[in-house]
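Report on one structure; see the data block that follows.
Protein chains: 2
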Amino acid sequence: MAEPQLARQAALVEHLIGSNLDGLLVCSLPNVRYLTGFSGSNALFFLTPTESWFFTDFRYAAQVADEVVGASHVVIETASLWKGLWAQLSTRPGTAAFGFESAHLLHRDFQRLLEDGARWTWRPTCDFVEGLRARKEPREVESIRLAGVIATSALERTLAEVRVGMSENEVAGVLERSLRDAGSDGFPFGTIAASGPRSALPHARAGSRPIARGDFLLLDFGAVFQGYCADVTRTVVVGKASGQQRDVYAAVQEANERARTQVRPGMTGREADALARELLEARGFGEAFGHGLGHGLGLEVHEAPRLSRIADGKLPDGAVVTIEPGVYLPGWGGVRIEDDVHLRASGAELLTDFPRDLIELA
Amino acid sequence: MAEPQLARQAALVEHLIGSNLDGLLVCSLPNVRYLTGFSGSNALFFLTPTESWFFTDFRYAAQVADEVVGASHVVIETASLWKGLWAQLSTRPGTAAFGFESAHLLHRDFQRLLEDGARWTWRPTCDFVEGLRARKEPREVESIRLAGVIATSALERTLAEVRVGMSENEVAGVLERSLRDAGSDGFPFGTIAASGPRSALPHARAGSRPIARGDFLLLDFGAVFQGYCADVTRTVVVGKASGQQRDVYAAVQEANERARTQVRPGMTGREADALARELLEARGFGEAFGHGLGHGLGLEVHEAPRLSRIADGKLPDGAVVTIEPGVYLPGWGGVRIEDDVHLRASGAELLTDFPRDLIELA
Chain A
8 MAEPQLARQA ALVEHLIGSN LDGLLVCSLP NVRYLTGFSG SNALFFLTPT
58 ESWFFTDFRY AAQVADEVVG ASHVVIETAS LWKGLWAQLS TRPGTAAFGF
108 ESAHLLHRDF QRLLEDGARW TWRPTCDFVE GLRARKEPRE VESIRLAGVI
158 ATSALERTLA EVRVGMSENE VAGVLERSLR DAGSDGFPFG TIAASGPRSA
208 LPHARAGSRP IARGDFLLLD FGAVFQGYCA DVTRTVVVGK ASGQQRDVYA
258 AVQEANERAR TQVRPGMTGR EADALARELL EARGFGEAFG HGLGHGLGLE
308 VHEAPRLSRI ADGKLPDGAV VTIEPGVYLP GWGGVRIEDD VHLRASGAEL
358 LTDFPRDLIE LA
Chain B
8 MAEPQLARQA ALVEHLIGSN LDGLLVCSLP NVRYLTGFSG SNALFFLTPT
58 ESWFFTDFRY AAQVADEVVG ASHVVIETAS LWKGLWAQLS TRPGTAAFGF
108 ESAHLLHRDF QRLLEDGARW TWRPTCDFVE GLRARKEPRE VESIRLAGVI
158 ATSALERTLA EVRVGMSENE VAGVLERSLR DAGSDGFPFG TIAASGPRSA
208 LPHARAGSRP IARGDFLLLD FGAVFQGYCA DVTRTVVVGK ASGQQRDVYA
258 AVQEANERAR TQVRPGMTGR EADALARELL EARGFGEAFG HGLGHGLGLE
308 VHEAPRLSRI ADGKLPDGAV VTIEPGVYLP GWGGVRIEDD VHLRASGAEL
358 LTDFPRDLIE LA
């Protein structure tokens with residue numbers, strides 16, 4: 008079977024030709040990984056219809072040989088990758104027009120294009136590679152599904168160990184070790200473990216707060232498998248749930264269920280968001296759902312497309328997205344229930360399998 | 008005692024006035040944190056000599072009240088922070104010249120300055136805040152020292168659990184849980200756990216490889232305390248060390264010792280790097296030490312100053328830097344020994360206390 012990177016590069020070249028560009032400078036590392044397979048932390052990739060150049064530094068010399076696919080030239084630099092770029096491009100004609108990634112190139116590096124690359128025309132591009140990445144190949148979906156299995160099995164082991172009096176940091180430690188033991192290649196973002204009133208902070212990192220009886224415990228965390236991320240949230244009660252906890256939880260659970268089963272490719276991000284938002288508004292929680300419904304998932308834990316009140320774009324067939332409605336009542340607490348789904352014309356395929364009914368830990 | 012953020016903002020304002028700037032747009036999140044105390048993941052800060060504006064989104068509304076110091080205006084946006092910026096700046100005179108952070112602003116956002124901010128003059132700035140951050144305040148050094156205590160105590164617990172046959176991922180899991188239990192607020196970078204020949208890859212993430220008897224095991228990891236990072240590496244032998252392992256280890260240990268005790272503020276980064284490099288070259292390992300000696304450490308795990316063959320800048324009095332010489336022999340293995348030191352005129356003060364003699368795990 009051909010390497011997927013070659014087909015991705017071919018699709019990108021078609022896009023370049025259609026945009027009258029003679030080449031594209033790719034500086035986003037996830038985009039470089041998608042196109043070449045390279046998983047390190049320092050690289051540039053320059054693609055033309057006939058040749059391509061991959062640049063990295065000494066630390067990754069051995070890794071390049073194992074990983075990089077479809078680069079006609081590999082350049083290992085000891086100092087700046089940019090020096091290598093200018094040396095390699097020196098024979099290109101001054102009539103050439105090259106694209107660069109406007110959403111990833113820093114102003115400092117943009118100045119390099121205007122100075123060291125002044126011979127050529129440079130045009131900002133947007134979402135050339137991200138557009139390809141948004142439609143997942145079957146093998147990518149499979150990697151995300153396996154990351155989801157790692158995530159949910161680690162969650163199951165963790166909930167069995169949670170006790171009143173443990174700190175959020177200790178719970179995060181149990182969860183992260185369980186993720187490692189289950190095969191996760193690290194963590195795509197800082198684990199959120201928020202208890203009691205802190206569960207009302209949608210992005211609270213784990214802290215030193217000890218868990219009290221009757222607290223909500225919100226766990227939002229990820230796993231990585233073969234470079235692909237899963238992103239899962241569950242909220243449980245440590246002890247017996249109160250009536251208000253049950254009511255808030257039920258509303259979020261319904262919103263998760265409705266959006267998760269009814270989301271389809273071809274909807275706009277706003278229409279998808281509305282599936283959950285309308286239901287929460289009807290329950291009186293519209294104001295308390297202050298973030299968007301979800302986001303694309305893949306090599307990055309936040310990527311295209313977006314699902315929110317301000318997302319006009321259509322959801323591509325084949326995208327993998329999170330569905331994560333939440334209700335946050337400042338000073339009291341919050342609930343979020345997050346799953347990952349694969350959008351297909353026939354329906355939304357669930358990639359994260361873990362109970363959604365309210366769990367009360369003994 | 009006054010909040011340190013106020014003194015930092017005052018120092019920055021002096022810098023602005025000296026540079027004939029009427030304001031600075033700060034978009035780097037670690038810089039925003041240094042100036043305001045905000046630890047979230049989405050913010051802009053705009054500072055003028057008389058007023059300042061802090062912008063973030065809904066998710067952080069509660070966190071802002073707890074954390075943000077020294078902002079005359081706090082703006083919580085539901086959509087784009089940039090919209091809020093333009094609304095707040097609308098009354099500023101068109102004669103104003105504002106700075107922006109060239110090394111942190113994306114080209115996409117630079118275009119916003121040229122379009123939505125076209126009324127004003129925008130000038131690229133470099134290292135305005137980073138220059139302040141490079142000289143640590145006593146309380147910052149203390150936070151890094153405590154992060155170092157967390158890191159080394161977690162390492163001690165982890166080494167007691169390492170056994171032949173465990174995978175690198177399992178070792179990373181033990182280490183990360185020990186870090187959490189010791190009080191680390193997450194991990195400043197992906198844990199490196201590299202065994203056997205993989206220890207020759209300077210930036211190998213932990214993987215599925217099982218540890219064999221006689222392997223080198225290189226652990227490079229960090230801890231975070233009150234936002235400040237420690238960064239530590241130790242390399243051990245799982246079993247009995249061979250003669251070659253002892254020789255390579257001894258050379259790296261000497262290089263660590265020499266650089267760690269002789270580095271001083273006022274040296275250039277290149278001179279500091281040479282302390283270790285000359286010794287490794289004399290042992291025949293010059294080529295095998297392919298990266299720089301170290302880097303600054305603080306709110307970020309890589310920050311100013313740099314210590315390497317190409318670092319011309321002088322090391323500031325008060326900087327905290329890593330000292331991490333290494334020798335990597337492809338296909339065989341590698342050794343790195345990394346400590347954190349505080350540079351003072353009176354000498355380099357060691358912040359990470361853990362044995363450096365070769366450890367052979369039974």
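Protein sequences, first through last, are from chains A and B.
In this text, residue positions in the first sequence follow this note's numbering: the first is 8, and each later residue adds one.
In this text, residue positions in the second sequence follow this note's numbering: the first is 8, and each later residue adds one.
C-beta: ideal position from N, C-alpha, C; glycine also.
Write down the C-beta distance between Leu336 (chain B) and Ala207 (chain B) rounded to the nearest angstrom, noting that I regard them as a contact closer than 8 angstroms.
Their Cβ separation, rounded to whole angstroms, is 6 angstroms, which keeps Leu336 (chain B) and Ala207 (chain B) in contact under 8 angstroms.
Using a C-beta to C-beta distance shorter than 8 angstroms, which residues of chain B count as neighbours of Leu113 (chain A)?
The contacting residues are Ser109, Ala110, His111, Leu112, Leu113 and His114.
Three or more beta-carbon pairs under 8 angstroms between the region 314 to 323 of chain A and the region 189 to 203 of chain A, yes or no?
No, they do not touch.
Helix, strand or coil: which one does DSSP assign to Ser59 (chain B)?
Here Ser59 (chain B) sits in strand by DSSP.
Would Glu10 (chain B) pass as a contact of Val81 (chain B) if the rule is Cβ separation under 7 angstroms?
For Glu10 (chain B) and Val81 (chain B), no; Cβs fall outside 7 angstroms.
Strictly by DSSP, which residues pair up with Arg313 (chain A)?
Arg313 (chain A) is bridged to A:His302.
Counting contacts by CB-CB distance shorter than 7 angstroms, is Gly180 (chain A) in contact with chain B?
It does; some Cβ of chain B falls within 7 angstroms.
In or out: Glu177 (chain B) buried (at least 16 other Cβ within 10 Å) or exposed?
Classification of Glu177 (chain B): buried, given that the 10 Å Cβ count is 16 or more.
Quick check on Ser160 (chain A): does DSSP put it in helix, strand or coil?
Helix at Ser160 (chain A).
I'd like to check one pair, Gly25 (chain B) with Phe62 (chain B): are the Cβ atoms closer than 7 angstroms?
No, they are not a contact pair.
Please name the residues in the region 335 to 356 of chain B whose beta-carbon is closer than 9 angstroms to at least one beta-carbon of chain A, in chain order.
Hits within the stretch, in order: Tyr335, Pro337 and Gly338.
How would you list, in chain order, the residues of chain D whose beta-carbon sits under 8 angstroms from the beta-carbon of Arg184 (chain A)?
This model lacks chain D altogether; the protein chains it does include are A and B.
Write down every uninterrupted run of the beta strand (DSSP E) in the region 70 to 105 of chain B whose length is 3 residues or greater and which is fully enclosed by it, in chain order.
Complete beta strand (DSSP E) runs here, min 3: 80 to 84.
Strictly below 9 angstroms CB to CB, what residues from chain A border Tyr67 (chain B)?
Here the neighbours are Leu208, Pro209 and His210.
Go to Leu54 (chain B), then tell me how far its beta strand (DSSP E) extends in each direction, as first and last residue.
That run of the beta strand (DSSP E) goes Ala50 to Leu54.
Hey, how far is the Cα of Gln12 (chain B) from the Cα of Val342 (chain B)?
The alpha-carbon atoms of Gln12 (chain B) and Val342 (chain B) are separated by roughly 40 angstroms.
What do you get for Thr242 (chain A), buried or exposed, if any count of 16 or more other CB atoms within 10 angstroms of its CB means buried?
Buried.
By the criterion of Cβ-Cβ separation under 7 angstroms, what are the contact partners of Gly197 (chain B) in chain A?
Ordered by position in chain A, the residues that pass the 7 angstroms Cβ test against Gly197 (chain B) are Gly193.
Alpha carbon to alpha carbon, what distance is there between Leu166 (chain A) and Thr351 (chain A)?
Note on residue identity: the sequence assigns Arg, not Thr, to residue 351 (chain A). For Arg351 (chain A) and Leu166 (chain A), the distance between alpha carbons rounds to 32 angstroms.
At a CB-CB cut-off below 8 angstroms, which residues of chain B make contact with Glu177 (chain A)?
Simply Arg187 and Asp188.
Just confirm the distance between the C-beta atoms of Leu51 (chain A) and Leu32 (chain A), as a whole number of angstroms; I'd bet it's less than 8 angstroms.
That pair is a contact at about 7 angstroms.
For the beta strand (DSSP E) that contains Glu183 (chain B), what are its first and last residues?
Where Glu183 (chain B) is concerned, there is no enclosing beta strand (DSSP E), although the alpha helix (DSSP H) it sits in stretches over Glu175 to Asp188.
Can you find a C-beta in chain A that's less than 7 angstroms from the C-beta of Met8 (chain B)?
Annotation note: pLDDT 47 at Met8 (chain B) (below 50); position unreliable, coordinate value reported separately. By this cut-off, Met8 (chain B) is not an interface position.
Does the region 196 to 211 of chain A come close enough to the region 167 to 176 of chain A that 3 or more CB-CB pairs lie under 8 angstroms?
Enough Cβ pairs lie closer than 8 angstroms, so yes.
Please report the straight-line C-alpha distance between Pro233 (chain B) and Arg146 (chain B), rounded to a whole angstrom.
It should be noted that the sequence gives Gln, not Pro, for residue 233 (chain B). Distance between the alpha carbons of Gln233 (chain B) and Arg146 (chain B): 10 angstroms.
Quick check: Pro312 (chain B) and Gly354 (chain B), are their CB atoms within less than 7 angstroms of each other?
The answer is no: Cβ separation not under 7 angstroms.
Compute every distance between the C-beta of Thr128 (chain A) and the non-hydrogen atoms of the ligand COA, then say whether any falls below 6 angstroms.
Ligands displayed in this structure: none; no statement on the ligand COA is therefore possible.
What is the DSSP secondary structure of Leu322 (chain A), reduced to helix, strand or coil?
In the structure shown, Leu322 (chain A) sits in coil (DSSP, three-state: anything other than H, G, I, E or B).
Does any C-beta atom of chain A lie closer than 7 angstroms to the C-beta of His298 (chain B)?
Yes, because at least one Cβ of chain A sits closer than 7 angstroms to the Cβ of His298 (chain B).
Note down the Cα distance separating Val39 (chain B) from Ala262 (chain A), rounded to an integer number of angstroms.
When rounded, the distance between both Cα atoms is 35 angstroms.
Below 8 angstroms on the Cβ atoms is my guess for Ala103 (chain B) versus Gly47 (chain B); work out the distance and round it to an integer in Å.
Actually they do not touch by this definition, with Cβ atoms about 28 angstroms apart.
Check whether the Cβ of Ala86 (chain B) lies closer than 7 angstroms to any Cβ atom in chain A.
Closer than 7 angstroms: yes.
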